[in-house]
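Structure, as structure tokens:
There are 2 protein chains.
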Amino acid sequence: MNTPDTTAPSHDHQQCVKQALATAEHLCTQRGVQLTAIRHQVLELIWESHKAVKAYELLERFKPLKSAAKPTTIYRALDFLIAQGLVHRVESLNAFIGCRCSNRHHDQLLLICKLCQEVEERTPAGVLDALTQELEQAGFTAHNKAIEIRGICHRCAGQAVPEK
Amino acid sequence: MNTPDTTAPSHDHQQCVKQALATAEHLCTQRGVQLTAIRHQVLELIWESHKAVKAYELLERFKPLKSAAKPTTIYRALDFLIAQGLVHRVESLNAFIGCRCSNRHHDQLLLICKLCQEVEERTPAGVLDALTQELEQAGFTAHNKAIEIRGICHRCAGQAVPEK
DNA sequence: GCGTGTTTGAGATGTTATAACATATGCCCT
DNA sequence: AGGGCATATGTTATAACATCTCAAACACGC
Chain A
-13 MNTPDTTAPS HDHQQCVKQA LATAEHLCTQ RGVQLTAIRH QVLELIWESH KAVKAYELLE
47 RFKPLKSAAK PTTIYRALDF LIAQGLVHRV ESLNAFIGCR CSNRHHDQLL LICKLCQEVE
107 ERTPAGVLDA LTQELEQAGF TAHNKAIEIR GICHRCAGQA VPEK
Chain B
-13 MNTPDTTAPS HDHQQCVKQA LATAEHLCTQ RGVQLTAIRH QVLELIWESH KAVKAYELLE
47 RFKPLKSAAK PTTIYRALDF LIAQGLVHRV ESLNAFIGCR CSNRHHDQLL LICKLCQEVE
107 ERTPAGVLDA LTQELEQAGF TAHNKAIEIR GICHRCAGQA VPEK
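Each protein sequence line maps, in turn, to chains A and B.
At position 164 of the first sequence (counting the first as 1) the number is 150 in the working numbering, and the numbers step up by one without a gap.
At position 52 of the second sequence (counting the first as 1) the number is 38 in the working numbering, and the numbers step up by one without a gap.
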């Protein structure tokens, strides 16, 4: 299987990655935390595409770079990257994606395509405000507000799709 | 550990369970599908509380009833119950809860308390409408719209809570 | 009672994630 | 330089979650 790695036919993914890594470096410096070699490499692997990537898949891809890598190696790097807001965990897939919002506020909507596996991040004020209001009414103190929706993205929907 | 099993101090959980099971029986009959002994017992176990319950925890609790039970036994029953809309899978916990809405439309908000583990279902029109609109704008065809929010419920927040 | 589809039994295996403990590395302080 | 501390990594093992496969039992319409 060799599906394209980019979010849109026209998008310059090199640029995407470059920017993500630059932002990461900048934020870590600013915060006085270490974006070590391992963490940097894992982040880079995650950014290879906009698809959600599994931990053990990262491990496989990481091994050529560092053959001693173990699950723990990956999970620790992921923990760090998530804590810094550089990566999202996609709960409904047990997988991970690079985060574009690049701060520690992860209030957002994730649109997860079942066909191309790509995940789009959105921060729709309307939905999030309504949610905040609802939570307040319920007296519920939220620790995270990531909304994950699975379905078919507009690009895949536009194509002749196999029944699934 | 022995935390109370009910959602509110005052609520009659017996009644809760009874109703859930009656509804389940009714719906299955209506739909011509079999709510077999195993499925019924698993559903009953899930309804023992409003806490999300893990598959292997169900397995342990199910074994006294049927010592031959294997993971497959539980997962098959769960698959059935989920397909019938009688149970929700809580993605962010890898766990399951009984569903009160009792139909196959699972568009809703789940409020998951980190302290008491209870899960409250809500169907806030404001949030769901805003979401529907946003998805339409994004050209995204959603297959499920379960929103899972983790945090602290109003009951737990009202108590002297240990720092967490 | 017979065939067909559904449900269950049984065992193995696959996948995801963490625990527990040892070792290294960088940095501040004296 | 040497000691103490915090952070990061290495290493091994295991826990926790989920599925596959193949065969046997069962329900039900004919």
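The beta-carbon is built from N, C-alpha and C at its ideal position, and this holds for glycine as well.
- Find the residues of chain A that neighbour B/T109, judging by a C-beta separation of less than 7 angstroms, and give them in chain order. As a working mapping, residue 109 of chain B is identified with position 123 in the second sequence. None at all; the shortest Cβ gap to chain A is about 10 angstroms.
- Cross-chain neighbours of B/K152 in chain A, by beta carbon under 8 angstroms: Only positions -13 to 150 of chain B appear in the structure, and residue 152 of chain B is not among them; the question remains open.
- Query: So what's B/C168 in DSSP terms, helix, strand or just coil?
  - Reply: Not covered by the structure: residue 168 of chain B. The range shown for chain B is -13 to 150.
- Find the residues of chain B that neighbour A/L97, judging by a C-beta separation of less than 7 angstroms, and give them in chain order. Against the first sequence, residue 97 of chain A aligns to sequence position 111. The answer, in chain order, is A124, F126.
- Count the other CB atoms, across all protein chains shown, that sit within 10 Å of the CB of A/K131; report buried if there are 16 or more and exposed otherwise. As a first step, residue 131 of chain A is located in the first sequence; it is residue number 145 there, counting from the start. A/K131 is buried by the Cβ-count criterion.
- Message: Using a Cβ-Cβ cutoff of 7 angstroms, what residues of the stretch 12 to 46 of chain B are near chain A? List them in chain order.
- Response: none
- Message: 8 angstroms is my cut-off, CB to CB: does A/E104 come that close to chain B?
- Response: To locate residue 104 of chain A, count along the first sequence from 1; it is residue 118. With 8 angstroms as the cut-off, A/E104 does not count as an interface residue toward chain B.
- B/F67 to B/Y42, Cα distance in whole Å? As a first step, residue 67 of chain B is located in the second sequence; it is residue number 81 there, counting from the start. As a first step, residue 42 of chain B is located in the second sequence; it is residue number 56 there, counting from the start. According to the sequence shown, residue 67 of chain B is Leu rather than Phe. Their backbone Cα atoms lie some 16 angstroms apart in a straight line.
- Distance cut-off 7 angstroms: B/E134 Cβ against heavy atoms of the ligand MN: Questions concerning the ligand MN fall outside what the structure shown contains, since it holds no ligand whatsoever.
- Task: Give the DSSP bridge partners of B/K37, in chain order.
- Result: Within the second sequence, numbered from 1, the residue matching residue 37 of chain B stands at position 51. Looking at the DSSP assignment, B/K37 forms a beta bridge with B/E104.
- Task: Measuring alpha carbon to alpha carbon, tell me which of B/I24, B/S35, B/L101 ends up nearest B/L51.
- Result: Along the second sequence, read from residue 1 onward, the residue named residue 51 of chain B stands at position 65. If we check each option's Cα against that of B/L51, B/I24 comes out closest.
- Query: When you check each C-beta in the stretch 66 to 86 of chain A against every C-beta of chain B, which residues fall closer than 8 angstroms?
  - Reply: E77, S78
- Message: 8 angstroms is my cut-off, CB to CB: does B/I60 come that close to chain A?
- Response: Along the second sequence, one-based indexing puts residue 60 of chain B at 74. With 8 angstroms as the cut-off, B/I60 does not count as an interface residue toward chain A.
- Query: Taking the alpha-carbon positions, what's the B/N80 to B/Q1 distance?
  - Reply: Translated into positions along the second sequence, residue 80 of chain B becomes position 94. Translated into positions along the second sequence, residue 1 of chain B becomes position 15. B/N80 and B/Q1: Cα-Cα distance of roughly 27 angstroms.
- Are the C-beta of B/Q94 and some C-beta of chain A separated by less than 8 angstroms? As a working mapping, residue 94 of chain B is identified with position 108 in the second sequence. Not one chain A Cβ lies under 8 angstroms of B/Q94.
- Chain-ordered neighbours of A/V113 on chain B, where CB pairs are closer than 7 angstroms: Taking the first residue of the first sequence as 1, we reach residue 113 of chain A at position 127. Going along chain B in sequence order, the residues near A/V113 (Cβ under 7 angstroms) are V113, A116, L117, E120.
- Query: So, does the CB of B/H140 fall closer than 8 angstroms to a CB anywhere in chain A?
  - Reply: What you label residue 140 of chain B is simply residue 154 of the second sequence in a count that begins at 1. Chain A contact via Cβ: present.
- From the DSSP output, in three-state form, read off B/L44 for me. In the second sequence, counting from the first residue as 1, residue 44 of chain B sits at position 58. Here B/L44 sits in helix by DSSP.
- Report yes if the C-beta distance between A/S116 and B/L97 is below 8 angstroms; otherwise report no. The residue you call residue 116 of chain A lines up with position 130 of the first sequence. The residue you call residue 97 of chain B lines up with position 111 of the second sequence. The residue you asked about is not Ser; residue 116 of chain A is Ala in the sequence shown. Against a cut-off of 8 angstroms, the Cβ pair of B/L97 and A/A116 comes out as no contact.
- Is it true that the CB of A/V105 sits closer than 8 angstroms to the CB of A/A38? As a first step, residue 38 of chain A is located in the first sequence; it is residue number 52 there, counting from the start. As a first step, residue 105 of chain A is located in the first sequence; it is residue number 119 there, counting from the start. In contact: A/A38 and A/V105 (Cβ atoms closer than 8 angstroms).
- What number of angstroms, rounded off, separates the C-alpha of A/D(-2) from the C-alpha of B/F82? Start at 1 with the first residue of the first sequence, and residue -2 of chain A comes out as number 12. Start at 1 with the first residue of the second sequence, and residue 82 of chain B comes out as number 96. If I take the Cα positions, the gap works out to 41 angstroms.
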